[in-house]
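Okay, so the sequence shown: first residue is 107 according to this note's numbering, each after it adds one.
Cβ coordinates follow ideal geometry from the N, Cα and C atoms, glycine included.
For reference, the structure is listed below as structure tokens.
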Amino acid sequence: MIRDKYMRLLFIPLLGIVIPIVSGIITYSLYSPLELIAANAYFVFTSLCIWKGSNWIHSKLRGHSTIGDNPFRKIASFCGISFLYGCTVGTISTIIWFYLSADVFTWRSLLKFNLVCGLAIIVFTLVYEILFLNKERELDNKIVRQLDRERSQAELEALRNELDPHFIFNSLNTLNHLILNNPQQAYLFNNKLAQVYKYFLINKHNELISLCEELEFIDSYFFLLKIRHDDKLNLQTRLEETDGRLIMIPPLALQLLVENAIKHNEFNHDHPLHIQIAMNHSYLRVSNNVKPKPYLVNSTGIGLKNLSARYRMLCNKDIVIENSEKEFTVRLPLIRQEESLKN
């Protein structure tokens, strides 16, 4: 819908006054002030009827299948129909005016009036339809972008709702082993496992969560990993307490990076895996030492792609991945609490 309030307020009276003068139907020198007011009011009303009628016809024709989707055909059809309608209304209006005013009727005046009126109708129809087509194209583009966003969100949601089945299987095996050999440790392990799944179930549909909460989750998650791997794994966090409350992060983002580090690297008691989480300028830096496994790890890279897509949607920024022989680093853009509230 084109908002043409001010255009109507300006051009309906203007055309109603100018066209009769240009076509010679009204001659100012032959009319008294009262007659001029009456004449102008009459033709402004005629202009209003033509404008409103043309708009009504266009609204009915836009959804008509015979018009087609070709924009040039649409504009040509609207111009032709509007021209015929405007000339018909203009002719009837002019004849009635000549009858009421007792002026001398001439075909020349009528023809000139219709030509000027028709030209004005074609010009305004062209302007209107070009504006309408642009508006329609903008709306189509907006719908396409919205559909793309919804599809991306659906894909990301499906990926986000998955927790590594190997982690589940290994955790249950570890719990089973602890129940038999170390019931007290099994109790702690079970509590931490419950906290991990509680966090996952509560936050899997959230777009953002505070870094502080994510780190609490990582503590529980890493506790489970440490039970299995003992001192083969080390996690170091270098953050101020205030940073964790003010910074927002997609849920399970850190878990994904920790999981990737474990999945792609070989580690043992002599060469443990060191994972470090620290604040670095405008990024949250997650790094680990690199010692690739001797065999090929089946990986599609979908986890990092998913994380990158989530950040692009949330803050229009991408994650930064740095891979060297000694260290693998992922920098996550900082999303501050006030920025997340705006989004």
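Excluding its 5 nearest sequence neighbours in each direction, Pro357 has C-beta neighbours in its own chain below 6 Å: Asn309, Asn312 and Ile315, listed in chain order.
Straight-line measurement puts the Cα of Leu121 at about 21 Å from the Cα of Ser138.
If you draw a 10 Å sphere on the C-beta of Tyr293, you find fewer than 16 other C-beta atoms in it, and that means exposed.
Annotation for His164: the continuous alpha helix (DSSP H) segment containing it runs Pro139 to Arg168. For His380, the uninterrupted beta strand (DSSP E) segment begins and ends at Leu379 to Asn386. A residue is called buried once 16 or more other Cβ atoms fall within 10 Å of its Cβ, and Gly186, having fewer, is exposed. Annotated three-state conformation of Pro126 is helix, per DSSP.
For Val302, the CB contacts under 6 Å within the same chain, skipping 5 residues up- and downstream, are Ser326 and Tyr327 in chain order. A distance below 8 Å separates the beta carbons of Ile355 and Glu320. As a beta-bridge residue in DSSP terms, Phe434 pairs with Asn394 and Asn429.
With fewer than 16 other Cβ atoms inside 10 Å of its own Cβ, Ile427 counts as exposed.
Residues of the same chain with a CB within less than 6 Å of the CB of Glu372, apart from the 5 flanking positions on each side, are Lys397 and Lys399 in chain order. Bridge pairing for Tyr327: absent [DSSP]. Residues of the same chain with a CB within less than 7 Å of the CB of Leu352, apart from the 5 flanking positions on each side, are Arg442 and Gln443 in chain order. Our two residues, Lys304 and Arg334, have alpha carbons roughly 21 Å apart in a direct line. For Ile125, the closest of Lys111, Ile227 and Trp162 by C-alpha to C-alpha distance is Ile227.
In its own chain, leaving out the 5 sequence neighbours on each side, no residue places its CB closer than 8 Å to the CB of Val229. Ranking Asn176, Phe204, Leu206 and Gly159 by CA distance to the CA of Gly192 puts Gly159 first. Distances from the alpha-carbon of Pro119 to those of Ile131, Ala145, Asn395 and Leu140 put Ala145 closest. Between the beta-carbon of Ile131 and that of Val195 there is about 14 Å, and that puts the pair past the 8 Å contact cut. Around the beta carbon of Val250, fewer than 16 other beta carbons lie within 10 angstroms, which makes this residue exposed. Just so you know, the alpha carbons of Phe295 and Gln252 end up roughly 44 Å apart.
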